[in-house]
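First residue of the sequence shown? That's 385 in my numbering, and the numbers climb one at a time after it.
Just so you know, even glycine gets a beta-carbon here, dropped at the ideal spot from N, CA and C.
Structure record follows, encoded as C-alpha cells.
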Amino acid sequence: MRSKLFTFVLLLSTLISNGQELNSPQLSQYLADNPFVLSPTYAGIGDHVKIRLNGLAQWVGIKDAPRTQSLAADMRLGEKSGVGLFLYNDSNGYTKQQGARISFAHHLTLNRYEDEFLSFGISYNFNQFRLDVEEFMDAGFDPGVTDDRSTSNHNFDVGLLYRKNSFYFSVNASNLINKDVYIFDPIYEPNKLRNFYVYTG
C-alpha cells in the first residue's frame, strides 16, 4: 500500500511541476543532518534544543564567488508542539539575499507503543533581495543599468510528516504566495516560486 501511494504521489508531482531557475538559497543545498531546513514539520522533534551553523563557499579563489551562511535552531514547546528559527545570508556576485524563517509544528501521537506520529508544520518567511549595480564595471555605458534594485517578500511554507518506527513520509509546499519581482522585468523574471516536495525513507 505504501509503495502504491508513493508511486502515485511521485507521478502526480511530475505532471503538475513547472521548472523555474530562481529559488531560495537554503533549499538549493541538501543539508542531510538538518531536516528542519527542508520541512517546518521537524521543528521541536526531540527533547533538546538543536542549533546548527552552516557555511558554504563555492569556487574558492574566485572573486565574488557564491557564499552562503545560515543559522538554524529549533526546540520543543510544551508536550506536543515545537518552534524553530532559520536565518540565512546569500551572496552571488552582485546579487545578495538575506532572510529569516519562523516555524511552528504540532506533533500528534497516534500510537506511542509503535512510535507512530503525525506532525503538521507552518513557516513564515521573510526574504530581501538586492542587486548592487554600484559594483558593475562600466555601468555608465548601459542605459538599462540605472540604480540599485531591491525587493522584500513575505511567504509561507506548510508541511505534513508521518513517522512510524524508522519509516517517514513528508509532503511539503513552499512559497505559497507569488513573489513580487515586477520592479525588475515581469516578462523574464519568474514570480512563482511555489514548489512541492515529497520525502520518504
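Residue i at chain C interface by Cβ criterion, 8 Å
| i | result |
| --- | --- |
| V444 | The structure shown has no chain C; it contains just one protein chain. |
8 Å Cβ cutoff met for residue i and residue j
| i | j | result |
| --- | --- | --- |
| S554 | D541 | no |
| N579 | I561 | no |
| F420 | D474 | no |
| G428 | H491 | yes |
Closest residue to residue i among the options (Cα-Cα distance)
| i | options | result |
| --- | --- | --- |
| G505 | Y583, V582, N556, N438 | N556 |
| L437 | L469, Y508, G477 | L469 |
| L471 | S454, H490, N537 | S454 |
| K447 | N495, L492, S536, Y478 | Y478 |
| P450 | F551, N509, N476, F510 | N476 |
| Y426 | E518, S507, S536 | S507 |
| N509 | I486, E518, F551, S423 | I486 |
| N537 | F488, T452, L577, Y583 | L577 |
Outcome for residue i when other beta-carbon atoms lying within 10 angstroms are tallied against a minimum of 16
| i | result |
| --- | --- |
| D499 | exposed |
| E405 | Low local confidence applies: a pLDDT of 40 at E405 is under 50, so the model's placement there is unreliable, with the coordinate-based value given in what follows. Counting Cβ neighbours within 10 Å, E405 comes out exposed, since fewer than 16 surround it. |
| S534 | exposed |
| G585 | exposed |
| N402 | Confidence at N402 is low in this model, with a pLDDT of 42, below 50, so its placement is unreliable and the value that follows should be read with caution. Burial call: exposed. |
| T493 | exposed |
Original post:
Which runs of the alpha helix (DSSP H) fall wholly inside the segment 418–471 and span at least 4 residues, in chain order?
Top reply: Complete alpha helix (DSSP H) runs here, min 4: 419–422.
Original post:
If we count Cβ pairs, one from each stretch, closer than 8 Å, do we get three or more for the segment 477–489 versus the segment 506–517?
Top reply: In short, these stretches touch, since the Cβ pair count reaches three.
Original post:
Can we say the segment 538–552 touches the segment 460–468, given the rule of at least three CB pairs closer than 8 Å?
Top reply: Fewer than three beta-carbon pairs drawn from the segment 538–552 and the segment 460–468 are found closer than 8 Å, and the two stretches are therefore not classed as touching.
Subject >> Stretch-stretch touch, CB-based, cutoff 8 Å, three pairs: the segment 425–432 with the segment 441–453 >> reply: In short, these stretches do not touch, since the Cβ pair count stays below three.
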